[in-house]
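Chains as they are written, first to last, in our numbering: chain C, 1 to 195; chain H, 1001 to 1195.
C-beta atoms are modelled at their ideal positions from N, C-alpha and C, and glycine is treated no differently.
Just so you know, these numbers come straight off a predicted model, no measurement behind them.
Written below as structure tokens is the structure these notes are about.
Number of protein chains: 2
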Amino acid sequence: MTTDSALTPEQILSATEEVLRRFGPAKATVVDVARSLGVSHTSVYRFFPSKAALREAVTQRWLDQAHHELQSIATEPGPAADRLHRWLVTLFAAKRKKALDDPQLFATYMALVAETSTTVEAHVGTMVAQIGQIVRDGVRAGEFGPTDVASTARAVFEATAHFHDPAHAGEWSDPSAQDRFEALWKLILGGLTIR
Amino acid sequence: MTTDSALTPEQILSATEEVLRRFGPAKATVVDVARSLGVSHTSVYRFFPSKAALREAVTQRWLDQAHHELQSIATEPGPAADRLHRWLVTLFAAKRKKALDDPQLFATYMALVAETSTTVEAHVGTMVAQIGQIVRDGVRAGEFGPTDVASTARAVFEATAHFHDPAHAGEWSDPSAQDRFEALWKLILGGLTIR
């Protein structure tokens, strides 16, 4: 039982994830979330004005789970090639972990993601901007060749879709996935680097 | 009405596609196919020993529709970079045409593809081998840097998944798709080329 006054958005989102896991995205309601927290549904609506807003917020939170770590890599000092490699490895590991550790929750979120294309677009935009930050650093340092940073960043993101886009999740448990990722990375790095 | 003696596998496969289109993959039967050709189902079984074999064959035919054209590009003379670019553009155009011109048939085949992973593996194997052929020519001509041909060919295929894997079909009508493909191509070409 959570007292109404102590209720935080984070608690609501965690409870929402649990309710989604238990009832599935088709059946989960705001009332279920409120009940699981021992508060009234109006308390939930104080933070999230509609069921759609709550679903979007919990989806965003799930999508952005690895953002903090990725953002650190995008902004820290060091050679751009190392950072971009680490950034992509971290993204792949985070996505793969979500897909393989809890396939049921992953499927649940996939259903939610399909409802909210703007949430996904924002997520992809953040990812591409982080890659852009590293590419820009690399170009400035003379490590990467001169390039249109925005379109190159998107190309890097799309070139690696196999290893972060949930559409390819079925291939992530393949034992050769890591080797194939490294072969792809070599190709991309060659495309970026001044030799 | 097709006379039994003149029946060809190609006719059966075309009729199967029409039946799949009309009844959907869940309901279409071998008897429906035979009926649409005016032959008995035993005539169909002479060419395709089971319903599963028939479905696999029609799926294979659909997947391999652009193979002939792609194979020509893979084997013709000329600079490897031009040929690889043309090969990828042709593959993207063929896949996009199938997805956008007849979305219902595309969805039908997507359902069939999901049933027969070996068919898809064979299809992907053929594609990767064709890329490998071009990459090998490029390396021999000193146009591309020395590389492990097989893993590089697979990396090129996976790097361009955005533009040929049906999982991404939803993004192919995007007006920026062509520009994004070219940005990706530049990155890949840079990775392959000796500069």
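With distances taken between CA atoms, proline 77 of chain C lies nearest to C:Ile134 out of C:Ile134, C:Leu37, C:Thr116 and C:Lys27.
Ranked by Cα distance from alanine 1159 of chain H, the first of C:Phe181, C:Leu20 and C:His41 is C:Phe181.
Counting only Cβ-Cβ distances below 8 Å, valine 1156 of chain H has contacts in chain C at Leu187, in chain order. Residue pairing for phenylalanine 1144 of chain H: DSSP places it in a beta bridge opposite H:Thr1193. If you draw a straight line from the Cα of threonine 1016 of chain H to the Cα of valine 1120 of chain H, it comes to about 19 Å. Per DSSP, reduced to three states, the secondary structure at phenylalanine 1048 of chain H is coil, with no helix or strand assignment. Within the region 1103–1138 of chain H, the runs of alpha helix (DSSP H) that reach at least 4 residues and sit entirely inside it are, in chain order, 1103–1115.
Take threonine 193 of chain C, set aside five residues on each side of it, and the residues of its chain with a beta-carbon closer than 8 Å to its own are Ala81, Glu143, Phe144 and Gly145, in chain order.
For the region 161–178 of chain C, the set of positions with a beta-carbon nearer than 7 Å to some beta-carbon of chain H reads Ala161, His162, Ala167 and His168 in chain order. If you draw a 10 Å sphere on the C-beta of lysine 98 of chain C, you find 16 or more other C-beta atoms in it, and that means buried.
Nearest to threonine 1118 of chain H by C-alpha distance, out of H:Pro1025, H:Ala1183 and H:Leu1063, is H:Leu1063. Looking from the CA of glycine 1138 of chain H, the closest CA among H:Thr1152, H:Pro1049 and H:Phe1106 belongs to H:Thr1152.
When DSSP states are grouped into helix, strand and coil, glutamine 65 of chain C belongs to the coil group. Interface flag for arginine 96 of chain C against chain H is unset, since no Cβ pair is found closer than 8 Å.
Cβ neighbours of lysine 1186 of chain H within its own chain (closer than 6 Å, five residues either side excluded): none.
Among the residues of chain H, those whose CB is under 9 Å from the CB of threonine 152 of chain C are Ala1183, Lys1186 and Leu1187, following chain order.
Assignment of threonine 29 of chain C by DSSP, reduced to helix, strand and coil, places it in the coil class. For the 8 Å CB-CB criterion, threonine 1059 of chain H and leucine 1112 of chain H form a contact. Using a Cβ-Cβ distance cut-off of 8 Å, the region 1163–1180 of chain H and the region 1093–1109 of chain H are in contact, since at least three pairs of beta carbons, one from each stretch, lie closer than that value. Among the CB atoms of chain C, none fall inside 8 Å of the CB of alanine 1080 of chain H.
Ranked by Cα distance from leucine 1013 of chain H, the first of H:Gly1191, H:Ala1093 and H:Arg1055 is H:Arg1055.
Spanning the alpha carbons of leucine 1088 of chain H and aspartate 165 of chain C requires a straight line of approximately 21 Å. The contact set of arginine 180 of chain C on chain H, defined by CB atoms closer than 9 Å, consists of Ser1151, Arg1154, Ala1155 and Glu1158 in chain order. The beta carbons of leucine 91 of chain C and leucine 105 of chain C sit no closer together than 8 Å. Per DSSP, serine 1014 of chain H is one residue of the alpha helix (DSSP H) stretching across 1009–1023.
Restricting attention to H:Pro1175, H:Arg1154, H:Ala1161 and H:Val1031, the CA atom closest to the CA of glycine 1132 of chain H is found in H:Arg1154.
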